[in-house]
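Letter 154 of the sequence shown, counting from 1, is numbered 154 in UniProt numbering, and no numbers are missing.
For reference, the structure is listed below as structure tokens.
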Amino acid sequence: MTARTFDNIRNFSIVAHIDHGKSTLADRLIQTTGALTAREMTEQVLDNMDIERERGITIKAQTVRLEYKAQDGKTYILNLMDTPGHVDFAYEVSRSLAACEGSLLVVDASQGVEAQTLANVYQAIDANHEIVPVLNKIDLPAADPDRIKEQIEEVIGIDASEAVPISAKTGLNIEGVLEAIVQKLPPPKGDPDAPLKALLVDSWYDAYLGVVVLVRIIDGSMKKGSTIRMMGTGATYSLDRVGVFSPKMQEMAVLGPGEVGFFTASIKEVADTRVGDTITDERKPTAEALPGFKPVQPVVFCGLFPVDAAEFENLRAAMGKLRLNDASFSYEMETSAALGFGFRCGFLGLLHLEIIQERLEREFNLDLISTAPSVVYHLKLRDGSTIELHNPADMPDVMKIETIEEPWIRATILTPDDYLGSVLKLCQERRGIQIDLNYVGKRAMVVYDLPLNEVVFDFYDRLKSISKGYASFDYHISDYREGDLVKMSVLVNAEPVDALSMLVHRDRAEGRGRAMCEKLKELIPPHMFQIPVQAAIGGKIIARETIRALRKDVTAKCYGGDASRKRKLLDKQKEGKKRMRQFGKVDIPQEAFIAALKMDT
């Protein structure tokens with residue numbers, strides 16, 4: 001039994017920076033090969049979530065099987081993986097690349113190589129891919145293909161002399177891309193007679209079919225009706241249907257080596273289908289499993305609470321359903337004195353957090369509040385143990401803590417030279433350590449080590465605003481380092497508000513505290529008594545603002561007579577306000593929480 005190559009199959013993915021035209025190129029390839037009729041064709045046909053279409057970004061990797069009759073007269077089967085470009089969804093990219101032998105590297109012919117172009121192409125190189133450079137948007141007046149070819153060779157180090165010039169929008173030279181795929185990308189290898197060995201690439205929940213599982217067959221074949229076993233979980237299932245996406249679901253009798261397709265087997269939970277698992281035949285199993293993928297580690301945590309406490313059960317059900325389609329999203333129940341019952345959720349980054357929140361609000365009609373995002377800290381305690389801290393409100397007594405370690409990232413920023421000074425200043429303000437600075441054509445490439453804590457708040461927005469949108473940013477978690485971190489609590493009327501507490505660096509605590517107090521002073525409406533708003537580290541108050549009391553004029557009806565009568569009424573009012581302040585409850589409106597948590601200092 002020897003491995004054979006399947007000359008008529010090509011498995012490839014499209015990798016690029018955000019907005020360089022991956023999904024539009026996928027549309028044109030589908031259109032040119034006739035997989036969909038002109039009536040069925042829509043813009044971004046593979047982006048099937050409303051949010052993906054509105055924001056113009058790809059969130060879930062999608063797959064489609066195309067048939068193409070090449071100039072050499074042969075008919076080829078092309079399995080295309082459209083991958084996300086945003087840094088938060090890099091895990092989707094890595095999974096898609098593992099199922100392919102080659103990649104189309106799409107670069108905007110006017111903007112050139114960006115930070116995520118680099119990140120994604122290096123992932124493809126690590127996966128031993130053959131890479132075909134494609135220059136998109138050559139119809140733009142600002143396009144400069146020769147300069148961009150040089151840039152690709154200089155920065156990435158791959159030959160770009162035969163890069164395919166196209167315009168995905170107008171459909172110019174799409175045939176050239178199809179010919180390059182057929183001629184330059186290698187066919188898959190596999191042994192049709194060996195026991196079944198398949199890689200589980202992705203899975204999602206369908207209301208009618210149960211869990212739909214996307215697989216890449218390495219060896220052997222997968223037939224409808226046979227019994228399979230997941231090697232990671234040990235679970236066995238009988239296959240109900242086997243097929244491919246073209247891009248509509250199309251059932252097949254069998255899937256052979258090198259093919260990418262799907263199966264359903266009445267699986268109830270997506271959690272049962274672990275991404276990266278090896279699927280084999282129950283009766284004739286393969287000897288060894290595939291290496292699989294690293295499990296996804298959430299890096300940003302925040303609390304999600306329903307505005308109306310009665311919606312809690314609906315939120316629980318909605319999160320369960322969302323988890324079915326997004327295995328990288330994790331959650332557990334938590335309670336807060338200020339916000340009631342809710343969930344502590346883990347995300348891969350701020351965009352992921354925003355997308356999940358928007359999907360919960362839109363698809364399940366929920367009204368939500370999210371607490372300040374925080375990262376995972378490692379606390380070394382004096383008794384020698386180490387704990388992970390996801391929520392600043394759960395921080396143990398300071399006397400028990402030996403050291404606090406925070407996650408650091410290695411960030412790559414590409415920016416036009418004009419904005420370099422502002423970008424360096426921003427990184428320095430965020431406690432960054434410069435690692436490297438060199439030039440890529442007319443643009444500077446800066447490499448910085450930054451604490452993730454400083455990045456999750458608003459770093460990306462600030463970077464975009466100071467560079468007028470031209471800077472691009474990519475990062476990966478590098479390590480944990482010890483830091484001088486303190487827990488900052490916010491007190492309203494001497495009561496701590498746990499939803500607003502956060503871990504900050506000691507040097508930045510005062511500024512952060514003052515900004516939070518000033519913000520709350522504007523947001524909390526006046527009561528009948530004076531309200532102090534304070535920021536504190538332990539027992540030490542570091543910032544304070546006072547919300548003035550509403551004052552009723554008790555002396556209005558008092559005209560003429562002795563001054564002592566007025567004094568008496570004012571003293572009585574003072575006593576009442578003092579008592580009120582002691583027992584009165586301060587109502588912080590929900591909008592105040594949301595606005596305070598969106599604070600950008």
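For glycine and all other residues, C-beta sits at the position ideal for the given N, C-alpha and C.
- A straight-line Cα-Cα distance of about 10 Å links Lys568 and Lys574.
- Membership of Gln434 in the beta strand (DSSP E) is indicated by the continuous run Ile433 to Val440.
- Ranking Leu140, Glu288 and Gln534 by CA distance to the CA of Val497 puts Gln534 first.
- Taking 3 residues as the minimum length, the beta strand (DSSP E) runs contained wholly in the stretch 165-230 are 197-206, 210-219 and 227-230, in order along the chain.
- Judged by their CB atoms, Asn314 and Leu366 are nearer to each other than the 8 Å cut-off.
- When only Cα atoms are considered, Val300 and Pro192 end up about 44 Å apart.
- For Met488 against Ser501, the beta-carbon gap comes to about 7 Å, under 8 Å, which counts as contact.
- If only complete runs of 3 or more residues are kept, the stretch 469-493 shows the beta strand (DSSP E) at 472-482 and 485-492, in order along the chain.
- Put simply, the stretch 339-348 does not touch the stretch 406-416. Fewer than three CB pairs are less than 8 Å apart.
- Rounded to whole angstroms, Gly176 and Gly421 show a C-alpha spacing of 42 Å.
- With fewer than three CB-CB distances shorter than 8 Å, the stretch 385-405 does not count as touching the stretch 418-434.
- Close CB contacts of Leu209 within its chain, under the 6 Å cut and outside five residues either way in sequence, are with Thr264 (chain order).
- DSSP lists no bridge partner for Val155.
- Proximity of the stretch 220-228 to the stretch 99-117 falls short of the contact definition, fewer than three beta-carbon pairs being nearer than 8 Å.
- For Cys517, the uninterrupted alpha helix (DSSP H) segment begins and ends at Arg506 to Leu523.
- For Ile466, same chain residues with a beta-carbon under 8 Å away, outside a window of 5 residues either side, are Tyr419, Ser422, Val423 and Leu426 in chain order.
- Buried is the label assigned to Asp202, since at least 16 other Cβ atoms lie within 10 Å of its Cβ.
- With a beta-carbon spacing of about 7 Å, Phe6 and Gly190 fall inside the 8 Å limit used to define contacts.
- Here Ser13 is buried: its Cβ has 16 or more other Cβ atoms, across all protein chains shown, within 10 Å.
- CA-to-CA, the gap between Ile477 and Gly469 works out to about 24 Å.
- In summary, Leu196 is buried, with 16 or more beta-carbon neighbours lying within 10 Å of its beta-carbon over all protein chains present.
- Contact check for Pro526 against Arg548 passes: the beta carbons are separated by less than 8 Å.
- Boundaries of the beta strand (DSSP E) around Phe341: Gly340 to Phe347.
- Counting only the Cα atoms, Val447 lies some 29 Å from Glu510.
- Per the C-alpha coordinates, the member of Val490, Gln357 and Lys69 positioned closest to Gln183 is Lys69.
- Annotated three-state conformation of Pro373 is coil, per DSSP.
- In the structure shown, the three-state DSSP call for Cys558 is coil.
- Out of Ala515, Leu491 and Leu550, the CA that lies nearest to the CA of Ile541 is found in Leu491.
- Beta-bridge analysis with DSSP links Leu66 to Leu78.
- Within the DSSP bridge table, the entry for Asp449 names Arg410 and Ile433 as partners.
- The beta carbon of Ile433 sits closer than 7 Å to those of Tyr448 and Asp449, all from its chain and outside the five residues before and after it, given in chain order.
- Following the DSSP letters along the chain, one finds Leu135 inside the beta strand (DSSP E) bounded by residues Glu130 to Asn136.
- Restricting attention to Arg565, Gln151, Ile369 and Asp461, the CA atom closest to the CA of Arg443 is found in Gln151.
- Nearest to Arg430 by alpha-carbon distance, out of Leu452, Pro416 and Tyr237, is Leu452.
- DSSP places Gln534 within a strand segment (E or B) once states are collapsed to three.
- Apart from the 5 residues on each side of it in sequence, Asn79 sits with its Cβ closer than 6 Å to the Cβ of Asn11, Arg65 and Val260 in its chain, given in chain order.
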